[in-house]
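Residue numbers (UniProt numbering), protein chains in the order written: chain A, 1 to 358; chain B, 1 to 300.
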């Protein structure tokens with residue numbers, strides 16, 4: 001598969017501020033890539049650099065094999081869906097959709113046909129003569145999508161396109177965007193701060209922090225083998241529990257630094273007395289069967305959503321357990337939770353890097 | 001009585017008081033003089049009957065007389081030239097400056113604020129300064145034009161009948177440009193920046209973006225500024241008093257200055273009022289355009 005977008009050694013400075021630090025990234029044709037990270041991590045800057053709305057300070061940017069560093073946005077043939085939608089308020093939906101075609105000098109009859117075709121796909125057929133101010137949020141979102149689709153661009157760039165929609169519509173549009181992507185055989189780059197969106201929509205997730213790509217890969221790889229404590233905490237909801245610990249003298253056990261001393265079997269043999277951080281996902285803890293080893297603590301709170309129960313432990317640091325069932329556990333009880341050794345993540349106490357267990 | 005009090009403190013009566021106070025104020029200070037002016041235009045008024053309210057009614061005699069005078073039509077034409085020339089100059093230069101400052105170079109907002117100095121200057125002061133600039137023998141404008149090779153002899157801006165009106169237009173453009181610039185700047189900054197980014201992604205170059213985004217988004221602002229410009233130019237009086245005094249031989253006389261001249265120099269109050277009434281009609285037209293264009297604002 002060829003790469004539709006390729007970045008090598010890309011840096012971006014705003015004055016002295018180093019916004020993008022030596023980014024290398026290849027986006028294969030036809031893939032759906034999500035850029036995800038906390039606000040200020042540089043994901044939007046990276047997307048805007050692809051679009052040409054920001055210029056990169058150094059490095060190379062290739063789109064469909066052509067070097068695009070200094071090329072203005074209008075010659076890059078990329079379509080962007082903005083968070084605010086950025087619909088032209090003085091134009092009807094049809095004029096919004098066909099604006100790019102009009103600029104290109106496409107004849108009126110052809111423009112009309114193109115608008116009708118796209119509107120049929122995105123369900124805007126009856127809204128073509130309306131103005132953006134007469135549309136609901138979801139409809140505006142569709143117009144913004146359609147305006148991108150009509151151009152048949154080299155790649156689609158999405159800048160948090162769903163963040164202005166309500167929760168139910170967001171879940172629906174997630175699926176719809178992915179379906180459209182597959183149907184068009186498009187290449188998409190999708191910026192979001194919501195890791196659920198990234199995990200559910202993308203083939204490939206890029207986790208960024210402070211201008212650095214921390215880790216990229218298939219969503220489940222990131223979930224199963226986060227490369228450091230940051231990625232581990234960012235991917236997955238509710239977030240992973242982190243507990244300071246020390247390996248035992250023989251390296252076979254982990255002595256956890258909770259209020260009361262607790263012991264877990266180490267996933268691998270560790271050097272003696274090494275300080276580590278133990279990471280356990282809330283969904284990987286389960287009530288221990290009789291005699292099974294595990295963590296024992298008092299329950300501070302139990303919240304039930306009907307399908308799942310969230311158990312919070314009265315420990316410091318606080319430990320959260322998600323049980324995908326209705327639980328009989330009550331507040332104030334003392335409960336023992338077990339975890340599979342294979343589902344324990346270990347991180348270096350000082351660097352936060354993953355300690356790989358053979 | 002109690003119901004009335006409670007209505008005034010907390011009810012429809014309060015609304016009525018809120019509307020009533022400014023309405024009374026407007027009626028006393030603007031409405032009554034306006035009506036009195038209309039009444040005078042249908043009466044025979046001279047210095048001796050000025051103090052009385054009941055005066056001989058002459059119907060449209062003042063209007064008919066006015067249009068029988070040979071200078072009326074040229075003065076009305078002058079007024080049109082003055083208004084169109086001033087508005088065109090103020091708007092084009094003002095829009096150009098607004099676009100220039102919109103690029104937001106370092107110090108742009110500071111410099112833009114400085115431009116407002118011309119607008120806060122009293123018209124008489126502006127007139128006095130332009131008198132020096134326009135002066136035929138030692139004026140700096142003639143000097144510049146001569147040095148650039150555009151003219152061979154001096155132009156006597158204020159006393160040459162073919163230039164005197166334009167001398168006032170020039171000063172008025174200088175006076176009103178910054179007001180246009182500020183209002184247009186406000187309009188420009190109200191256009192969301194992401195529209196331009198979207199347009200850029202859609203393939204639009206700077207020229208396309210100006211014609212398809214900036215101008216349509218500025219429609220209501222432009223309508224308002226032109227309507228206001230019309231009102232302000234029809235009010236412009238000080239510059240005529242300071243620069244040409246309407247001369248030579250009415251070559252730079254306009255309706256608003258002539259109305260004052262007839263009423264307060266020639267004491268022909270009936271005719272002065274007649275011109276005012278005609279102008280009021282035009283200003284009301286402009287005001288309607290202004291109100292309509294602010295109502296049609298595009299909101300995203």
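Yeah, the Cβ is synthetic: ideal placement off N, Cα and C, and Gly gets one too.
For residue i, count the other beta carbons within 10 Å of its own beta carbon; 16 or more makes it buried, fewer makes it exposed. Which is it?
i                     : result
residue 104 (chain B) : exposed
residue 172 (chain B) : buried
residue 108 (chain A) : exposed
residue 261 (chain B) : buried
residue 217 (chain B) : buried
residue 130 (chain B) : buried
residue 302 (chain B) : This structure gives no information on residue 302 (chain B), because the portion of chain B shown stretches from 1 to 300.
residue 288 (chain B) : exposed
residue 207 (chain B) : exposed
residue 148 (chain B) : exposed
residue 50 (chain B)  : exposed
Cα separation between residue i and residue j?
i                     : j                     : result
residue 300 (chain B) : residue 308 (chain A) : No answer about residue 300 (chain B) holds up, because its pLDDT of 40 lies below 50 and its placement is not dependable.
residue 136 (chain A) : residue 254 (chain A) : 55 Å
residue 64 (chain A)  : residue 216 (chain A) : 21 Å
residue 341 (chain A) : residue 157 (chain A) : 41 Å
residue 322 (chain B) : residue 67 (chain A)  : In the structure as shown, chain B starts at 1 and stops at 300, and residue 322 (chain B) therefore has no counterpart that could be examined.
residue 243 (chain B) : residue 179 (chain B) : 21 Å
residue 14 (chain A)  : residue 29 (chain A)  : 31 Å
residue 60 (chain B)  : residue 43 (chain B)  : 9 Å
residue 250 (chain A) : residue 226 (chain A) : 27 Å
residue 133 (chain B) : residue 139 (chain B) : 5 Å
residue 274 (chain A) : residue 267 (chain A) : 14 Å
residue 291 (chain B) : residue 231 (chain B) : 13 Å
residue 200 (chain B) : residue 71 (chain A)  : 12 Å
residue 353 (chain A) : residue 228 (chain A) : 4 Å
residue 212 (chain B) : residue 196 (chain B) : 10 Å
residue 245 (chain A) : residue 324 (chain A) : 28 Å
residue 62 (chain B)  : residue 91 (chain B)  : 36 Å
residue 175 (chain A) : residue 185 (chain A) : 15 Å
residue 171 (chain A) : residue 139 (chain A) : 15 Å
residue 350 (chain A) : residue 356 (chain A) : 15 Å
residue 345 (chain A) : residue 194 (chain B) : 43 Å
residue 146 (chain B) : residue 120 (chain B) : 31 Å
residue 161 (chain A) : residue 16 (chain A)  : 30 Å
residue 83 (chain B)  : residue 219 (chain B) : 21 Å
residue 52 (chain A)  : residue 302 (chain A) : 49 Å
Which residues does DSSP list as the beta-bridge partners of residue i?
i                     : result
residue 217 (chain A) : A:205
residue 245 (chain A) : A:256 and A:276
residue 310 (chain A) : A:303 and A:322
residue 345 (chain A) : A:279
residue 80 (chain A)  : A:157
residue 339 (chain A) : A:285
residue 192 (chain A) : A:36
residue 57 (chain B)  : B:43
residue 297 (chain A) : A:335
Is the distance from the Cβ of residue i to the Cβ of residue j below 8 Å?
i                     : j                     : result
residue 283 (chain B) : residue 239 (chain B) : no
residue 167 (chain A) : residue 34 (chain A)  : no
residue 361 (chain A) : residue 128 (chain A) : Only positions 1 to 358 of chain A appear in this structure, which leaves residue 361 (chain A) out of reach.
residue 230 (chain A) : residue 209 (chain A) : yes
residue 20 (chain A)  : residue 62 (chain A)  : no
residue 150 (chain A) : residue 118 (chain A) : yes
residue 294 (chain A) : residue 338 (chain A) : yes
residue 44 (chain A)  : residue 202 (chain B) : no
residue 227 (chain B) : residue 164 (chain B) : no
residue 181 (chain B) : residue 64 (chain B)  : no
residue 214 (chain B) : residue 66 (chain B)  : no
residue 335 (chain A) : residue 299 (chain A) : yes
residue 343 (chain A) : residue 281 (chain A) : yes
residue 85 (chain A)  : residue 141 (chain A) : yes
Could you say which of the options lies nearest to residue i if we only look at CA atoms?
i                     : options                       : result
residue 112 (chain B) : B:262, B:184, B:134 and B:153 : B:184
residue 235 (chain B) : B:286, B:140 and B:17         : B:286
residue 247 (chain B) : B:195, B:158, B:83 and B:177  : B:158
residue 264 (chain B) : B:293, B:3, B:45 and B:209    : B:45
residue 310 (chain A) : A:296, A:316, A:292 and A:331 : A:331
residue 58 (chain A)  : A:11, A:336, A:178 and A:42   : A:11
residue 225 (chain B) : B:258, B:19 and B:88          : B:88
residue 50 (chain A)  : A:233, A:7 and A:131          : A:7
residue 223 (chain B) : B:187, B:245 and B:69         : B:187
Any heavy atom of the ligand GDP within a distance shorter than 7 Å of the CB on residue i?
i                     : result
residue 253 (chain A) : Looking at this structure, you won't find the ligand GDP or any other ligand, since it has none at all.
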